[in-house]
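Down below is the structure, laid out as structure tokens.
There are 2 protein chains.
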Amino acid sequence: MDGVKAIVFDTFGTVVDWRSSLIADFSTWGAARFPAADWPGLVDAWREAYKPSMDEVRRKVRPWTNLDDLQRDSLRPLAPRFGLAGLTPGEAEYMIRGWHRLDPWPDAVAGLTRLRTKYIIGPLSNGNVALLVNMARRAGLPWDMVFATELFRHYKPDPETYLGAAGLLGLAPGEVMMAAAHNNDLHAARACGLRTCFFARPTEYGPLQSRDFAADSDWDVVAADIGDVATRMGV
Amino acid sequence: MDGVKAIVFDTFGTVVDWRSSLIADFSTWGAARFPAADWPGLVDAWREAYKPSMDEVRRKVRPWTNLDDLQRDSLRPLAPRFGLAGLTPGEAEYMIRGWHRLDPWPDAVAGLTRLRTKYIIGPLSNGNVALLVNMARRAGLPWDMVFATELFRHYKPDPETYLGAAGLLGLAPGEVMMAAAHNNDLHAARACGLRTCFFARPTEYGPLQSRDFAADSDWDVVAADIGDVATRMGV
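From first to last, the protein sequence lines are chains S and R.
Sequential numbering from 1 applies to the first sequence in the working numbering.
Sequential numbering from 1001 applies to the second sequence in the working numbering.
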């Protein structure tokens, strides 16, 4: 991997464990107020709405809308289906901000801290700047720069996002490595000329996980977790 | 200062000592190659070209051009005037990258580290992302997010820059404080609704310093340096 100067990370699922974090957060917060809530069902359905909501923006059916605002719209119809009838706007905001409070996978902070000694690191995530900054502060993610795709007004896998991060760093695409637990993210990054790094997060979707148990291509680096990425990258 | 959630910092002169850093860097680097160079003269003249070059972009006389590229153009006519005849493109790049290698003022890293425990912090600088990221890594500036005005394709003091930083953080302008050693930056920030914080850097321009020895308005916070900002902000 000679020539790689920066490593950018998919974030939801790759760096942070969104599903366990949200279920734990909401179960505690809402236990008394919504005793009949199906929190795993709500979280899974909310995540299911994530990609279609971004695709509306990507296809320009909908003008640029950041992730917090997409999540707000996605939550509204789901609330009554999963036992949250009467959810107030303030309560919905608490839940939307739940995406700012996700816990890192156990290897993430230590692995990123090692990588940062040699490489510029940042998230390249469909989360918005506020979300990613709040997440990093709470979780201790030592980013050099936050490449929210909001900066480019495009969502991954649009090429503007991968090329945008390289461009802001003044680097050629081949000097940037995309790291993700999702093969499709890496296919899109490779098509833009970035280097690629995969490690699996086989419990990301809990019992619903149906893919991304292993690399589906000859990615430049295939590792066990972020600590192993650091080892393989020589730090 | 109740309600302030983020503090953004002007960078050149406010956080880093560009003049002393560049003169020391170039004097050492170029001693043998350019024995007749006038390094202080070159650095002062280069900085003198900074604002007019950005103003061309701000007035849309020139399309968006980031600071590294403006500095490249500004350096070219200055080189022969200050004893750098025969400067090669590679040597010019070294000098342009000198702006990525600036040293912080002595109080900066410790003061920012204190402030970060309570506030989101970032540069709000006309430097480009690559410059500010490289500078932060080298100098140990603990930014949460790098608000290069390049992200907005506007240079300060355009309002898009101040409002853009607040917008990306999902904050109202009054929840963001602009900190600068330059009164004019604070006048522009205040006009956008931001809170304001001044501290003087009376040696920024060396013997050429003619202004900004003191606050020229009733800024929300007037401090001695970044450590004193932290004290006044209760951290």
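Here a beta-carbon is modelled for each residue, glycine too, at the ideal position from N, C-alpha and C.
Leaving out the 5 sequence neighbours to the left and right, which residues in its chain are closer than 6 Å to residue i when beta-carbon positions are compared?
i	result
W39(S)	I23, F26, S27
T1161(R)	T1149, F1152, H1154
G174(S)	G193
H100(S)	L131, N134, M135
G206(S)	R19
L1169(R)	A1006
A1108(R)	V1015, I1226
Does the distance between the C-beta of residue i and the nearest non-hydrogen atom of the ligand COA fall short of 8 Å?
i	result
G30(S)	By its list of ligands, the structure shown contains no ligand whatsoever, and the ligand COA lies outside what it can speak to.
Counting only Cβ pairs nearer than 9 Å, list the residues of chain R close to residue i.
i	result
R137(S)	R1116, I1120, D1144
Closest to residue i by C-alpha separation, out of the options, would be which residue?
i	options	result
L1078(R)	T1203(R), M1178(R), F1152(R), A1092(R)	A1092(R)
M95(S)	R47(S), L141(S), R201(S), D107(S)	R47(S)
A6(S)	P52(S), L171(S), R190(S)	L171(S)
P1123(R)	D1002(R), D1212(R), L1102(R), T1014(R)	T1014(R)
A1036(R)	T1117(R), L1075(R), D1068(R), R1081(R)	R1081(R)
S210(S)	P202(S), S217(S), D216(S)	P202(S)
S217(S)	V229(S), K118(S), A188(S), G206(S)	A188(S)
Y1119(R)	N1128(R), R1097(R), W1143(R), P1104(R)	W1143(R)
P1106(R)	I1226(R), V1235(R), T1231(R), A1230(R)	I1226(R)
V1235(R)	G1111(R), D1103(R), G1086(R)	G1111(R)
Applying a beta-carbon distance threshold of less than 8 Å, which residues of chain R neighbour residue i?
i	result
D68(S)	G1170
V133(S)	I1120, D1144, M1145, L1169
Identify, in the order they occur along the chain, each residue of the same chain with its Cβ nearer than 7 Å to the Cβ of residue i, setting aside the five sequence neighbours on each side.
i	result
V1061(R)	none
D1158(R)	R1058
L1070(R)	S1053, M1054
G164(S)	L151, F152
G1041(R)	F1082
According to the neighbour-count rule (16 or more other Cβ atoms, all chains shown, within 10 Å of its Cβ), is residue i buried or exposed?
i	result
M1233(R)	buried
N1183(R)	buried
W1064(R)	exposed
S1125(R)	buried
R116(S)	buried
R33(S)	exposed
R195(S)	buried
F1213(R)	exposed
T1088(R)	exposed
M178(S)	buried
G3(S)	exposed
M993(R)	Because chain R is modelled from 1001 through 1235, residue 993(R) falls outside the range shown and cannot be assessed.
G1030(R)	buried
K156(S)	buried
G127(S)	buried
G98(S)	buried
A180(S)	buried
D85(S)	It should be noted that the sequence gives Ala, not Asp, for residue 85(S). It is exposed - the Cβ of A85(S) has fewer than 16 other Cβ atoms within 10 Å.
A166(S)	buried
Output, in chain order, the set of chain R residues within a Cβ distance shorter than 7 Å of residue i.
i	result
V129(S)	M1145, L1168, L1169
L75(S)	Those within 7 Å of L75(S) in chain R number zero; the least Cβ separation is about 17 Å.
L151(S)	L1151
Which two residues bound the contiguous alpha helix (DSSP H) that contains residue i?
i	result
T203(S)	Here T203(S) belongs to no alpha helix (DSSP H), and DSSP marks it neither H nor E.
F9(S)	Not the alpha helix (DSSP H): F9(S) falls in the beta strand (DSSP E), residues 6 to 9.
M135(S)	129 to 139
A1095(R)	Checking the sequence, you will find Met at residue 1095(R) rather than Ala. Here the alpha helix (DSSP H) through M1095(R) covers 1089 to 1096.
A1079(R)	Taken as a continuous stretch (DSSP letters only), A1079(R) belongs to no alpha helix (DSSP H), as it is neither H nor E.
A1179(R)	Careful: A1179(R) lies outside any alpha helix (DSSP H), inside the beta strand (DSSP E) at 1176 to 1180.
V1229(R)	1226 to 1232
A189(S)	183 to 191
A223(S)	Unbroken run through A223(S) is the beta strand (DSSP E), 221 to 223; no alpha helix (DSSP H).
S1027(R)	1018 to 1030
T161(S)	159 to 168
Along the chain, where does the beta strand (DSSP E) containing residue i start, and where does it finish?
i	result
P1040(R)	Taken as a continuous stretch (DSSP letters only), P1040(R) belongs to no beta strand (DSSP E), being part of the alpha helix (DSSP H) at 1039 to 1048.
G123(S)	A small correction: the amino acid at residue 123(S) is Pro; Gly does not occupy that position in the sequence shown. From DSSP, the beta strand (DSSP E) with P123(S) extends over 120 to 125.
A1110(R)	No beta strand (DSSP E) holds A1110(R); the alpha helix (DSSP H) holding it covers 1108 to 1116.
T196(S)	195 to 199
Excluding the 5 residues flanking residue i on each side, which residues of the same chain have their C-beta closer than 8 Å to its C-beta?
i	result
A1049(R)	S1074, L1078
L1208(R)	D1044
R1236(R)	The structure shown does not extend to residue 1236(R), since chain R is modelled only from 1001 through 1235, so no value can be given for it.
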